[in-house]
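Peer 1: First to last, the protein sequences are chains A and B.
With the working numbering applied, the first sequence covers 61 to 173.
With the working numbering applied, the second sequence covers 597 to 709.
Glycine is no exception: its CB is placed at the ideal position from the N, C-alpha and C atoms.
Before I ask anything, let me first share the structure, which is written out below as structure tokens.
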Amino acid sequence: DGGITQSPKYLFRKEGQNVTLSCEQNLNHDAMYWYRQDPGQGLRLIYYSQIVNDFQKGDIAEGYSVSREKKESFPLTVTSAQKNPTAFYLCATGGQGTPGELFFGEGSRLTVL
Amino acid sequence: GNSVTQMEGPVTLSEEAFLTINCTYTATGYPSLFWYVQYPGEGLQLLLKATKADDKGSNKGFEATYRKETTSFHLEKGSVQVSDSAVYFCALSSYSSASKIIFGSGTRLSIRP
């Protein structure tokens, strides 16, 4: 099946720990994005990547890191420097179609205990 | 800069009622406009889109018309169903910043049987 796979779906972390959220796609899309969603709020862009080995900070990059070593993969690390990491994290891809037409994974819910 | 403003929720309607969710935008140039839908616990899905003025996007009984004169892209459906209960996001992208899609804050819709 073509699509975007995020894992894990649920993750619990103790304060002070780094965690990595996985995002894998087989849509052959160049662009990949990470968004954060808090309850009752819209989406905020964390990082995005337009091509392998290149990525840019979004609006709320502090406390997060990413890598883009393969076209298919764009993992997000939530570091201990992120002061309020409990949130729903969404990975998305964008292809050669209309700019802004994104395909989303099902999300990963991170809870800090 | 570019921005999207959509009506605050929650919006609660009875089944078979007429739905309108307002969305207005501010953008330079000629952005593409989108409506995304998010069902509980899931990622976002593209519902419909319009890429130029006077275009009408439609899908699953939902419609929205790109009105440049009023900078609006209101979502409508003639007869809602319980299964339409979800959060709806208006979004825009422009060629000047195609990598940064601007999302509205979302409108939660609840349909009563």
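Alpha carbon to alpha carbon, how far is lysine 696(B) from threonine 666(B)? Give it in angstroms, no decimals.
Peer 2: Straight-line measurement puts the Cα of lysine 696(B) at about 23 angstroms from the Cα of threonine 666(B).
Peer 1: Just checking: is the beta-carbon of glutamate 166(A) within a distance shorter than 7 angstroms of some beta-carbon in chain B?
Peer 2: yes
Peer 1: Starting from leucine 643(B), follow the beta strand (DSSP E) in both directions and report where the run begins and ends.
Peer 2: Boundaries of the beta strand (DSSP E) harbouring leucine 643(B): 640-646, taken from the DSSP string.
Peer 1: Going by the beta-carbon positions, is the gap between serine 681(B) and serine 706(B) smaller than 7 angstroms?
Peer 2: yes
Peer 1: Counting only runs that start and end within the segment 71-144 of chain A, where is the alpha helix (DSSP H) found for 4 or more residues in a row?
Peer 2: none
Peer 1: My guess is that alanine 147(A) and aspartate 98(A) are in contact by the Cβ rule of under 8 angstroms, so how many angstroms apart are they, rounded?
Peer 2: Contact holds; Cβ gap of about 5 angstroms.
Peer 1: Using beta carbons (cut-off 7 angstroms, strictly below), is proline 159(A) in contact with chain B?
Peer 2: Judged by the 7 angstroms Cβ criterion, proline 159(A) is in contact with chain B.
Peer 1: Count the other C-beta atoms from every protein chain shown that fall within 10 angstroms of the C-beta of tyrosine 108(A), then say buried if there are 16 or more, exposed otherwise.
Peer 2: By the 10 Å Cβ count, tyrosine 108(A) comes out buried.
Peer 1: Have a look at methionine 80(A) and tyrosine 124(A) and give me their C-alpha separation to the nearest angstrom.
Peer 2: What sits at residue 80(A) in the sequence shown is threonine, not methionine. Cα to Cα, the separation comes out at about 10 angstroms.
Peer 1: Are the beta-carbon atoms of tyrosine 688(B) and proline 627(B) separated by less than 7 angstroms?
Peer 2: The amino acid at residue 688(B) is misidentified as tyrosine; the sequence shows leucine. Yes, they are a contact pair.
Peer 1: Against chain B, which members of the segment 78-104 of chain A pass a CB distance test of less than 7 angstroms?
Peer 2: Ala91, Gln101, Gly102 and Leu103
Peer 1: Tell me, please, whether the CB atom of leucine 136(A) is closer than 7 angstroms to any CB atom in chain B?
Peer 2: no
Peer 1: For glycine 597(B), which residues in chain A fall below 8 angstroms Cβ to Cβ?
Peer 2: Result: empty, since nearest Cβ-Cβ is about 11 angstroms, beyond 8 angstroms.
Peer 1: Spatial neighbours of lysine 648(B) within its chain, please: CB distance less than 7 angstroms, with the 5 preceding and 5 following residues excluded, ordered by chain position.
Peer 2: Tyr626 and Tyr662
Peer 1: Buried or exposed: which applies to lysine 69(A), given that a residue is buried once 16 or more other Cβ atoms fall within 10 Å of its Cβ?
Peer 2: exposed
Peer 1: Applying a beta-carbon distance threshold of less than 9 angstroms, which residues of chain B neighbour leucine 170(A)?
Peer 2: For leucine 170(A), no chain B residue has a Cβ inside 9 angstroms of its Cβ, as the nearest lies near 14 angstroms away.
Peer 1: Could you compute how far the alpha carbon of glutamate 611(B) sits from the alpha carbon of isoleucine 617(B)?
Peer 2: 16 angstroms
Peer 1: Does DSSP classify serine 690(B) as helix, strand or coil?
Peer 2: coil
Peer 1: For the segment 658-686 of chain B, which residues have a beta carbon sitting closer than 7 angstroms to at least one beta carbon of chain A?
Peer 2: Listed in chain order, the positions of the segment 658-686 of chain B with a beta carbon within less than 7 angstroms of a beta carbon of chain A are Phe685.
Peer 1: How about leucine 170(A) and proline 145(A): are their beta carbons less than 7 angstroms apart?
Peer 2: yes
Peer 1: If you check the beta carbons only, do serine 668(B) and glycine 102(A) fall under 7 angstroms apart?
Peer 2: Contact: no.
Peer 1: Round the Cβ separation of phenylalanine 658(B) and lysine 673(B) to the nearest angstrom and send it over; I've been treating them as touching at under 8 angstroms.
Peer 2: 5 angstroms
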